[in-house]
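Chains as they are written, first to last, in this note's numbering: chain A, 667 to 811; chain B, 667 to 811.
Comments concern the structure below.
Protein chains: 2
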Amino acid sequence: MEKELEAYLHEHIPLSKAMGVSVEKADPEQVILWAPFAPNINHKQTVFGGSLHAMATLACWGLVYIHLKLEEASAQIVITKSEVAYIAPVSGDFRAECLRPADAEWQRFSKMLHLKGKARLNLTATVHQAGHLCVDYRATFAAIK
Amino acid sequence: MEKELEAYLHEHIPLSKAMGVSVEKADPEQVILWAPFAPNINHKQTVFGGSLHAMATLACWGLVYIHLKLEEASAQIVITKSEVAYIAPVSGDFRAECLRPADAEWQRFSKMLHLKGKARLNLTATVHQAGHLCVDYRATFAAIK
Chain A
667 MEKELEAYLH
677 EHIPLSKAMG
687 VSVEKADPEQ
697 VILWAPFAPN
707 INHKQTVFGG
717 SLHAMATLAC
727 WGLVYIHLKL
737 EEASAQIVIT
747 KSEVAYIAPV
757 SGDFRAECLR
767 PADAEWQRFS
777 KMLHLKGKAR
787 LNLTATVHQA
797 GHLCVDYRAT
807 FAAIK
Chain B
667 MEKELEAYLH
677 EHIPLSKAMG
687 VSVEKADPEQ
697 VILWAPFAPN
707 INHKQTVFGG
717 SLHAMATLAC
727 WGLVYIHLKL
737 EEASAQIVIT
747 KSEVAYIAPV
757 SGDFRAECLR
767 PADAEWQRFS
777 KMLHLKGKAR
787 LNLTATVHQA
797 GHLCVDYRAT
807 FAAIK
C-alpha cells in the first residue's frame, strides 16, 4: 500500500511532491510519512509551520483513504477543521504519523457514511524528528459519498 | 515592501515558491498574498487544505515581519499554535489576507518584546476565492529577540 499511496499523493497533490513526501508505512493501523528537511525549511533554518501542518494533514487523509478503500466505499474526503500545537522546532528530516482511532469511532463513522452518505471523523497526528515529538495535530475530516 | 517580502519568502521558505505565492499588498495595515490554483490542487480538484493553512500562516508571518522591520527590532518570529476552519472549498486562484490587530494588542506585544525580549501575538487571517470567504484562520506567533 505504501507505493500506491505515495504515487496517489504525488500525482493528485503536487505540493506533496514539492515537499518530497514519501510513505514509510500505510496500513489500516497507521500511516507514517517522511519528508526531507531542505524543501521544507523556513527563514530560521527550521521546518516551516505550513509544511508541518501539511504533513500531518496528508497522514490523516491517507489513513481515511486506506480504510475507505478496504471497505470499497467510494467517498470524497475533505478536511473541515484543524488545530495544531507547535511544541518544538524541527531542524532536520521529519515524520508525520496518524494512528487509527478507537474501534467504536471507526464503526460510528462507517455506519453513518453507509446510512447517510456522509460522516465526520476526528483524527490526531503527531510530527516527530528523530523520535522527539514536535507537533500535535487534531483535525476533523468529512467523507461524502 | 511587496517585492521585498516576496523575494524574502521565495528565498527563505522554498515551499512558498513551489506554491507560486506572490505578494499583492504588504504594509503595516495588511498583508495580502495571492496563489495560483494549479500547484496547490488536491485529488478533488480543489485547493489542498495544507496549502490554505500555509498561505494564511505566511500572510500573518509577513505582517509581523513588516512591523518588526519598521520598529527596527531584530526578532525571530515563530508560530506556536493555529486553528483553522475550512468553510468552503477553493476551486481557483486564491488570496490570503491578514489584517493588523487592534492598537492595544500591538502596543502590548511591542512593549513585552522590548522589556522581556519575547512576546506573543494572536493574529487572524482569512482565505478568499473571488471575494468569497473560504477559510478562517487564527494563530499565535511568538517573537524572540
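Here a beta-carbon is modelled for each residue, glycine too, at the ideal position from N, C-alpha and C.
- Counting C-beta atoms within 10 angstroms of its own C-beta, Q773/A has fewer than 16 neighbours from the protein chains shown and is therefore classed as exposed.
- At least one CB of chain A lies nearer than 8 angstroms to the CB of T746/B.
- The shortest C-alpha to C-alpha distance from A809/B to any of V801/B, Y803/B, H709/B and L787/B is the one to L787/B.
- Taking A791/B as the centre and dropping the five residues before and after it, the same chain places the C-beta of A722, A725, C726, A762, E763, C764 and Y803 closer than 7 angstroms to its C-beta, in chain order.
- Only those residues of the segment 737-761 of chain B whose C-beta falls short of 8 angstroms from the nearest C-beta of chain A are listed: Q742, V744, I745, T746, K747, S748, E749, V750, A751, Y752 and P755.
- Shown here for A796/B: same chain residues with a beta carbon closer than 8 angstroms to its own, the five before and five after excluded, namely G758 in chain order.
- Interface flag for A692/A against chain B is unset, since no Cβ pair is found closer than 8 angstroms.
- Residues of chain B whose Cβ lies closer than 8 angstroms to the Cβ of P705/A are, in chain order, P680, L681 and A684.
- Taking C-beta atoms as the reference points, K811/A and K784/A count as a pair closer than 8 angstroms.
- Going by DSSP, S748/B is part of the beta strand (DSSP E) stretching over Q742 to Y752.
- Counting only residues of its own chain and dropping the five nearest sequence neighbours on each side, A704/A has a CB closer than 8 angstroms to the CB of G686.
- A701/B and S688/B have their C-alpha atoms roughly 6 angstroms apart.
- Per DSSP, V801/B lies in no alpha helix (DSSP H); the unbroken beta strand (DSSP E) holding it starts and ends at H798 to I810.
- Residue A754/B holds the alpha-carbon nearest to the alpha-carbon of V793/B among D769/B, S682/B, A754/B and K782/B.
- DSSP places F775/B inside the alpha helix (DSSP H), whose first and last residues are D769 to K782.
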